[in-house]
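What follows is a set of notes on a single structure, which appears directly below.
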Amino acid sequence: ADLDKEIQEMTVDEKDSQAEYEAFTADSAAKRTTDSKSIAEKEGVKADLEAAVQKMGAEKKATSAEAMAAAEYIHSLHSDCDWLLANFEARKAARTGEVSSLKNAKA
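And the structure:
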């Protein structure tokens with residue numbers, strides 16, 4: 001009787017353990033599926049962000065090149081203006097001389 005009772009308890013314990021194992025296996029499979037989807041989503045987001053970083057890097061490079069070109073142009077304009085300011089009086093005197101020479105030639 002004790003042996004039958006012990007065998008019955010072991011059978012019940014084994015069934016319970018088997019049920020727990022199957023539930024654990026099912027939960028693990030579901031978790032693996034969820035984790036795989038999560039990894040795929042995160043890799044997609046990562047790829048999108050990396051593409052955006054590359055695009056922004058290229059845009060920054062182009063914008064920097066434009067800014068450098070604008071700075072060079074401004075510098076050249078500044079040089080031209082400095083030359084005009086430095087030579088204004090001499091050029092004014094030369095034009096005055098030319099005007100008076102033309103008036104004298106006309107007269």
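The numbering of the sequence shown is full-length UniProt numbering, which starts it at 1 and goes up by one. For each residue, glycine too, the CB sits at the ideal point set by N, CA and C.
In terms of residue numbering, what span does the alpha helix (DSSP H) encompassing residue 30 cover? To locate residue 30, count along the sequence shown from 1; it is residue 30. For residue 30, the uninterrupted alpha helix (DSSP H) run begins and ends at 2-86, by DSSP.
Whole angstroms is fine: what's the gap from residue 24's alpha carbon to residue 56's? One-based indexing of the sequence shown puts residue 24 at position 24. One-based indexing of the sequence shown puts residue 56 at position 56. C-alpha of residue 24 to C-alpha of residue 56: approximately 47 Å in a straight line.
Taking DSSP as the reference, what is the three-state secondary structure of residue 105? Reading the sequence shown from its first residue, position 105 is the one you call residue 105. Secondary structure at residue 105: helix, using DSSP grouped into helix, strand and coil.
Rounded straight-line distance, which links the Cα of residue 31 to that of residue 59: On the sequence shown, position 59 is the one that residue 59 refers to. On the sequence shown, position 31 is the one that residue 31 refers to. The alpha-carbon atoms of residue 59 and residue 31 are separated by roughly 41 Å.
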